[in-house]
């Protein structure tokens, strides 16, 4: 199967792909030449594409359910089979996976959770009955990300679709322990990392956010639903002279099926532009998307990246 055969819709916008066209196998598709189908319920950003590439390298048939308004057309073009569905239409996700005979799936990619709190959100993203039941009945007391995942995973499981660890097919993109860049951690920033790490672990256990910023042993900012980019912007406003540290990780018991903390090239570029000098991440718990390029960009910007294991930094 050559690239031209796999990409018949390169010029079509994802939001305009009709179900009857998108659900058809790609030109040249042959089930006999594929491994077992596996699903990707894909939001925005590059992460779904990287995971899809890992799945294909492992010999799996890649079936994509792209979330409209979020997923890129690139992942739909590279998929062996694909369709699109609304962000708030869990029933459509399930039916698509069943049509593709998918038994295992990952739920990955950027979705603006802050948009769930704006006026007229259900008019802009009309939910199906299954999603209405999830949002108003099963999540009425707790809409935090971890609980939302558990409820969605249970719903998919009830229909024979198991959500799996979203990092399973991208081991080379995970943060490792120790300094990953050429530049070592300056002594003053090592103290900031040591100071901030225990605070960050408490923050992630409370499911408030996955990142904080620290300067001179003082917490400058805490991530919440708005995301890491907005945290970096706020930190620049509060620390215009720069020389601060971003710390990011998941909790020790984090469910790796979704919402795994991710650092990409855009994060490094934003750190450099906003005065960040050091990035500390949880080893094995944070994805460095396109890891060689991320490290190279950090080296060029003079930013140190250090991976912290579950024991944290040793005390002096």
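Residue numbers (the working numbering): 43 to 358.
Glycine included, each C-beta is placed from N, C-alpha and C at the ideal position.
Because the structure is a prediction, the values reported are computed rather than measured.
Item to check | Nearest-angstrom Cα separation, counted from residue 308 out to residue 187 | outcome: Your numbering for residue 187 matches position 145 in the chain shown. Your numbering for residue 308 matches position 266 in the chain shown. Separation of residue 187 and residue 308 (C-alpha to C-alpha, rounded to the nearest whole angstrom) is 23 Å.
Next on the checklist: Whole angstroms are fine: how far does the CA of residue 110 sit from the CA of residue 129?
Outcome noted: By one-based count along the chain shown, residue 129 stands at place 87. By one-based count along the chain shown, residue 110 stands at place 68. Looking at the two C-alpha atoms, the distance is approximately 7 Å.
Item to check | Close-in-space but distant-in-sequence residues of the same chain around residue 231 (CB under 6 Å, 5 per side omitted) | outcome: Residue 231 sits at position 189 when you count from the first residue of the chain shown. The residues 287, 320, in chain order, have a CB closer than 6 Å to that of residue 231 in the same chain once the five nearest residues on each side in sequence are set aside.
Checklist entry - Any idea what DSSP makes of residue 168, helix, strand or coil? => result Working through the chain shown from its first residue, we reach residue 168 at position 126. It is coil, neither helix nor strand.
Next on the checklist: By the three-class DSSP mapping on this structure, what secondary structure does residue 290 have?
Outcome noted: As a position in the chain shown, residue 290 is number 248, starting the count at 1. Strand, per DSSP.
Checklist entry - Among residues of its own chain, excluding the 5 on either side of residue 271, which ones have a beta-carbon nearer than 7 Å to its beta-carbon? => result The residue labelled residue 271 in the question sits at position 229 within the chain shown. 312, listed in sequence order.
Next on the checklist: By the three-class DSSP mapping on this structure, what secondary structure does residue 176 have?
Outcome noted: Within the chain shown, residue 176 is the residue found at index 134, counting from 1. Secondary structure at residue 176: helix, using DSSP grouped into helix, strand and coil.
Checklist entry - Of all the beta strand (DSSP E) runs that stay within the bounds of the segment 274-352, which reach a length of 3 or more residues? => result List check, beta strand (DSSP E) in window: 286-290, 318-324, 346-350.
Item to check | CA-to-CA distance, residue 289 to residue 304, given in whole angstroms | outcome: Taking the first residue of the chain shown as 1, we reach residue 304 at position 262. Taking the first residue of the chain shown as 1, we reach residue 289 at position 247. The straight-line gap from Cα to Cα measures roughly 12 Å.
Checklist entry - Where do the ends of the alpha helix (DSSP H) carrying residue 94 lie? => result Taking the first residue of the chain shown as position 1, residue 94 is located at position 52. Bounds of the alpha helix (DSSP H) holding residue 94 are 89-99.
Checklist entry - Are residue 251 and residue 264 touching if we call contact CB-CB under 9 Å? => result Position 209 of the chain shown holds residue 251. Position 222 of the chain shown holds residue 264. Going by C-beta atoms, residue 251 is nearer than 9 Å to residue 264.
Checklist entry - Do residue 95 and residue 123 have their CB atoms nearer than 9 Å? => result Residue numbering aside, residue 95 sits at position 53 when the chain shown is read from its first letter. Residue numbering aside, residue 123 sits at position 81 when the chain shown is read from its first letter. Taking C-beta atoms as the reference points, residue 95 and residue 123 fail to come closer than 9 Å.
Next on the checklist: How far does the beta strand (DSSP E) with residue 146 in it extend, from its first residue to its last?
Outcome noted: Reading the chain shown from its first residue, position 104 is the one you call residue 146. For residue 146, the enclosing beta strand (DSSP E) starts and ends at 146-150.
Next on the checklist: If I follow the unbroken beta strand (DSSP E) through residue 103, where does it start and stop?
Outcome noted: Translated into positions along the chain shown, residue 103 becomes position 61. Going by DSSP, residue 103 is part of the beta strand (DSSP E) stretching over 103-109.
Item to check | Coil, strand or helix - residue 220 by DSSP | outcome: As a position in the chain shown, residue 220 is number 178, starting the count at 1. Correct three-state label for residue 220: strand.
Checklist entry - What are the boundary residues of the alpha helix (DSSP H) that residue 238 is part of? => result Taking the first residue of the chain shown as position 1, residue 238 is located at position 196. Unbroken alpha helix (DSSP H) run through residue 238: 229-247.
Checklist entry - So, helix, strand or coil for residue 44, using DSSP? => result Position 2 of the chain shown, counted from the start, is the residue given in the question as residue 44. At residue 44 the pLDDT is 43, less than 50, meaning the model places this residue with poor confidence; the figure from the coordinates comes in the next sentence. Residue 44 sits in coil when the DSSP states are folded into three classes, being neither helix nor strand.
Next on the checklist: Tell me the residue span of the beta strand (DSSP E) that contains residue 136.
Outcome noted: Numbered from 1 along the chain shown, position 94 holds the residue referred to as residue 136. No beta strand (DSSP E) holds residue 136; the alpha helix (DSSP H) holding it covers 132-141.
Checklist entry - So residue 88 packs on residue 195, CB below 8 Å; how close in whole Å? => result The count along the chain shown starts at 1 and reaches residue 88 at position 46. The count along the chain shown starts at 1 and reaches residue 195 at position 153. Contact flag wrong, Cβ pair sits at about 24 Å.
Item to check | residue 107 versus residue 283: straight-line alpha-carbon distance, rounded | outcome: Position 65 of the chain shown holds residue 107. Position 241 of the chain shown holds residue 283. Taking the straight line joining both Cα atoms gives about 44 Å.
Checklist entry - Should residue 178 be labelled buried (16 or more other beta-carbon atoms within 10 Å of its own) or exposed? => result Locating residue 178 in the chain shown gives position 136, where the first residue counts as 1. Exposed, by the Cβ-count rule.
Item to check | Beta-carbon proximity list for residue 276, same chain, < 7 Å, skipping 5 on both sides | outcome: Position 234 of the chain shown, counted from the first residue, corresponds to residue 276. If you ignore the 5 residues before and after residue 276, its C-beta comes within less than 7 Å of the C-beta of 263, all in its own chain and listed in chain order.
Next on the checklist: Can you look up residue 226 in the DSSP assignment and give me helix, strand or coil?
Outcome noted: For the purposes of this step, residue 226 is identified with residue 184 of the chain shown, where counting begins at 1. Residue 226: coil per DSSP, three-state reduction.
Checklist entry - Using the rule of at least 16 other Cβ atoms within 10 Å of the residue's Cβ for burial, across every protein chain shown, is residue 78 buried or exposed? => result For the purposes of this step, residue 78 is identified with residue 36 of the chain shown, where counting begins at 1. Burial call: exposed.
Next on the checklist: Please return the same chain residues whose Cβ sits closer than 6 Å to the Cβ of residue 218, not counting the five positions on each side in sequence.
Outcome noted: Position 176 of the chain shown holds residue 218. Excluding sequence neighbours, residue 218 sits near 325, 349.
Checklist entry - Out of curiosity, what's the CA-to-CA distance linking residue 117 and residue 208? => result For this step, residue 117 is matched to residue 75 along the chain shown. For this step, residue 208 is matched to residue 166 along the chain shown. If I take the Cα positions, the gap works out to 16 Å.
Checklist entry - Taking the DSSP output, what are the residues bridged to residue 86? => result Walking along the chain shown from the start, residue 86 turns up at place 44. In the DSSP assignment, the residues bridged to residue 86 are 152.
Item to check | Contact belief for residue 81 with residue 142 at Cβ below 8 Å, rounded distance in angstroms | outcome: As a position in the chain shown, residue 81 is number 39, starting the count at 1. As a position in the chain shown, residue 142 is number 100, starting the count at 1. The C-beta distance from residue 81 to residue 142 rounds to 7 Å, short enough to fall under 8 Å.
Item to check | Test item: CB-CB of residue 292 and residue 227 under 9 Å | outcome: Indexing the chain shown from 1 puts residue 292 at position 250. Indexing the chain shown from 1 puts residue 227 at position 185. No.
Checklist entry - Cα separation between residue 235 and residue 318? => result Taking the first residue of the chain shown as 1, we reach residue 235 at position 193. Taking the first residue of the chain shown as 1, we reach residue 318 at position 276. So the alpha carbons of these two residues sit roughly 13 Å apart.
Checklist entry - Quick one: what does DSSP say residue 80 is sitting in, helix, strand or coil? => result The residue labelled residue 80 in the question sits at position 38 within the chain shown. Assignment of residue 80 by DSSP, reduced to helix, strand and coil, places it in the strand class.
Checklist entry - How about residue 190 and residue 147: are their beta carbons less than 9 Å apart? => result Your numbering for residue 190 matches position 148 in the chain shown. Your numbering for residue 147 matches position 105 in the chain shown. No. Outside cutoff.
Checklist entry - Where does residue 195 fall in DSSP's three states? => result Numbered from 1 along the chain shown, position 153 holds the residue referred to as residue 195. The answer is helix: DSSP assigns residue 195 an H, G or I state.
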